[in-house]
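Notes to accompany the following structure.
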Amino acid sequence: MALALTACVSGEGTDGGAGGGDGSVPLRLDWAYYNPESLVIREQGWLEEELADQDVTVSWLQSLGSNKANENLRAGAVDFGSTAGTPALLARANGTELRTVSVYSQPEWSALVVPAGSDIASVADLAGRQIAATKGTDPYFFLLQALREAGLDASDVSIVNLQHPDGKTALERGQVDAWAGLDPYTAQTELEAGSRLLYRNLDFNSYGFLNVAEDFLDAHPDLVQTVVDTYERARAWILDHPTEAVGILAEAAGISTEVAERQLLDRTRLDISPVPGDEQRVVLERVAPLLVAERQVADEETVAEALDTLFAPEFATAAADR
476 MALALTACVS GEGTDGGAGG GDGSVPLRLD WAYYNPESLV IREQGWLEEE
526 LADQDVTVSW LQSLGSNKAN ENLRAGAVDF GSTAGTPALL ARANGTELRT
576 VSVYSQPEWS ALVVPAGSDI ASVADLAGRQ IAATKGTDPY FFLLQALREA
626 GLDASDVSIV NLQHPDGKTA LERGQVDAWA GLDPYTAQTE LEAGSRLLYR
676 NLDFNSYGFL NVAEDFLDAH PDLVQTVVDT YERARAWILD HPTEAVGILA
726 EAAGISTEVA ERQLLDRTRL DISPVPGDEQ RVVLERVAPL LVAERQVADE
776 ETVAEALDTL FAPEFATAAA DR
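Each residue of the sequence shown is one higher than the one before, starting from 476 at the first, in the working numbering.
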């Protein structure tokens, strides 16, 4: 809850709201512990520097999970939101007018976690148990895929809908039997509380997507390109300065260097193409039937249309060619 309160204060203090009261164009972005490029760009002030001679006001709002990033995009609180791939697809299928303009990471940020001393030995053992998860986020869909693989579904367990930091707290207090975790909270409970990763599967993690509100993309394609270019600058900087990047993550998230290293250096791939395309589509095509079966979307046609129109790869293609 302390983290949640911090997030609210941070958002209120840095978000420009509707912005542009002086006639300037507001450029509103989110930042998140699970999006390392956003942390670096915000810390270094690169966008403010790049746009200093333009009539643009840059502001930042924290996202605690993909669900919150999508909520902020739907509400018009941000123009750019950081999500995992599956929540981006789900949001578009359910009417949020967003487009994915860049892929910022291939992380293993989701896993199923049990507390120290738990007798749970497999996903099948979760039948009848309470599991904390943040609905609408990659760990939630990771959980659904893991259950299905084990011959279970959501009706075989009791899912407790909690934001990521609250899910970690509930796990450590023994209020739930397992948690569909997200880094850095997963690494933190693993290293500091002795929690155990019950199930890992990189293939069940979707990529990190940078999404933009479609009306903003249509109105300001030049600013979209500037943001995507800056993301590529941040990606290269992190790869060249891993120690400094770990420090930025540790300070922003209020975590130890060891926890930050596990998240950023051990479980996050940044040396990937930023262009959304076939690799990401394969992952989302695998998840799409699950979204239909779990009634997360209206029907197969709706999710197929959303997938066909989700990517706007031209910005990342141009950035990668620079």
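Cβ coordinates follow ideal geometry from the N, Cα and C atoms, glycine included.
For residue 544, the three-state DSSP class (helix, strand or coil): Along the sequence shown, read from residue 1 onward, the residue named residue 544 stands at position 69. Three-state result, residue 544: helix.
Cβ distance (whole Å) where residue 778 is taken to contact residue 607 below 8 Å: Locating residue 778 in the sequence shown gives position 303, counting from the first residue. Locating residue 607 in the sequence shown gives position 132, counting from the first residue. Wrong, their Cβ atoms sit about 26 Å apart, outside the cutoff.
CA nearest to the CA of residue 650, picked from 512, 733 and 636: Looking up residue 650 in the sequence shown gives position 175. With distances taken between Cα atoms, residue 650 lies closest to 636.
First through last residue of the alpha helix (DSSP H) which encompasses residue 653: Taking the sequence shown and counting its residues from 1, one reaches residue 653 at position 178. Premise fails: residue 653 lies in the beta strand (DSSP E), 653-657, not in any alpha helix (DSSP H).
Boundaries of the beta strand (DSSP E) in which residue 556 is found, first to last residue: Reading the sequence shown from its first residue, position 81 is the one you call residue 556. According to the DSSP assignment, residue 556 belongs to the beta strand (DSSP E) that extends over 555-559.
Option in 713, 509, 573 and 774 with minimal Cα separation from residue 553: As a working note, residue 553 is residue 78 in the sequence shown. It is 573 whose Cα lies nearest to the Cα of residue 553.
Nearest to residue 724 (by Cα), restricted to the options 660, 791 and 504: In the sequence shown, residue 724 corresponds to position 249, counting from 1. Among 660, 791 and 504, the Cα nearest to that of residue 724 belongs to 660.
Three-state secondary structure (DSSP) of residue 743: To locate residue 743, count along the sequence shown from 1; it is residue 268. Residue state, collapsed to three classes: strand.
Alpha-carbon to alpha-carbon, residue 517 and residue 478: The count along the sequence shown starts at 1 and reaches residue 478 at position 3. The count along the sequence shown starts at 1 and reaches residue 517 at position 42. Unreliable positioning characterises residue 478 in this predicted model, as indicated by a pLDDT of 35, which lies under 50. The coordinate reading is nonetheless provided below. Rounded to whole angstroms, the separation of the alpha carbons of residue 517 and residue 478 is 19 Å.
Delimiting residues of the alpha helix (DSSP H) encompassing residue 786: Locating residue 786 in the sequence shown gives position 311, counting from the first residue. Run containing residue 786: none; DSSP gives neither H nor E here.
Reduced DSSP category for residue 781 - H, G, I as helix; E, B as strand; rest coil: In the sequence shown, residue 781 corresponds to position 306, counting from 1. Three-state DSSP puts residue 781 in a helix.
Identity of the residue in 691, 648, 664 and 757 nearest residue 738 by Cα: As a working mapping, residue 738 is identified with position 263 in the sequence shown. Considering only alpha carbons, the answer is 664.
DSSP-derived helix/strand/coil call for residue 712: Position 237 of the sequence shown, counted from the start, is the residue given in the question as residue 712. If DSSP states are grouped into helix, strand and coil, residue 712 belongs with the helices.
Residue range of the unbroken beta strand (DSSP E) whose run includes residue 426: With the chain covering 476 to 797 only, the question about residue 426 has no answer from this structure.
Contact check, residue 515 vs residue 712, beta carbons under 8 Å: Against the sequence shown, residue 515 aligns to sequence position 40. Against the sequence shown, residue 712 aligns to sequence position 237. For residue 515 and residue 712, yes; Cβs fall inside 8 Å.
Nearest-angstrom Cα separation, counted from residue 586 out to residue 655: Within the sequence shown, numbered from 1, the residue matching residue 655 stands at position 180. Within the sequence shown, numbered from 1, the residue matching residue 586 stands at position 111. Rounded to whole angstroms, residue 655 to residue 586 spans 6 Å at the Cα level.
Beta-carbon proximity of residue 534 to residue 544, cut-off 8 Å: Mapped onto the sequence shown, residue 534 falls at position 59. Mapped onto the sequence shown, residue 544 falls at position 69. Taking 8 Å as the Cβ cut-off, residue 534 and residue 544 do not qualify as a contacting pair.
In DSSP terms, what residue 521 is bridged to: Position 46 of the sequence shown, counting from 1, holds the residue named residue 521. The partner list for residue 521 (beta bridge, DSSP) is empty, contrary to what the question assumes.
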